[in-house]
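**Q** Would you mind keeping the following structure in view while I ask a few things?
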Amino acid sequence: RYCREDDETASALFRSLMLDERHSEGQLIKRWRALINNAGPAAAVSADAVSAFFSHFVRQVARRYSLDTERAIGALDLLTARLVYPLITDVLFDLHSSEDRAIDAQFARRTRLLRSVSPDKLGISSLFLPPCPPPSS
16 RYCREDDETA SALFRSLMLD ERHSEGQLIK RWRALINNAG PAAAVSADAV SAFFSHFVRQ
76 VARRYSLDTE RAIGALDLLT ARLVYPLITD VLFDLHSSED RAIDAQFARR TRLLRSVSPD
136 KLGISSLFLP PCPPPSS
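For what it's worth, this note's numbering labels the leading residue of the sequence shown as 16, then goes sequentially.
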């Protein structure tokens, strides 16, 4: 699996452009954040509403900057996720029911258990394991 390292400069430039309230994108994010922050716990924002905003935002930015290839829109989608989701983690956390939290805790326990078992015991061939990092000196 190939994972490209995050380009901090590009991410910082994107973040500053998208959050700049002198641009329509920054104004939209500001209004949306104010809307969800003022909704309060009784009027919790649904996951569908978050997803709808996210899709609308990506389409708007793609249209404004003439991004029409699948690769460009995919990159925009990723950069937008990295920008928007940290801004609303408190809202996203509130979307989880107590049942969801229990399932998440169970998943975390099972993940810790699997990490403690060696790949050999799980029957995973060394062909499918990532290369070991060089020993630190």
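Note that beta-carbon positions come from the ideal geometry of N, C-alpha and C, so glycine has one too.
#1: May I ask you to report which of helix, strand or coil DSSP gives Ser141?
#2: Which of the three DSSP states is assigned to Thr84 in this structure?
#3: If Leu82 and Leu91 are in contact, beta carbons under 8 Å, what's the gap, nearest whole angstrom?
#4: Relative to the alpha-carbon of Phe69, which residue among Ala27, Phe122, Arg48 has its alpha-carbon at the smallest distance?
#5: Can you tell me whether Glu85 is buried or exposed, with buried defined as 16 or more other CB within 10 angstroms of its CB?
**A** By the coordinates alone:
#1: helix
#2: coil
#3: 6 Å
#4: Arg48
#5: exposed
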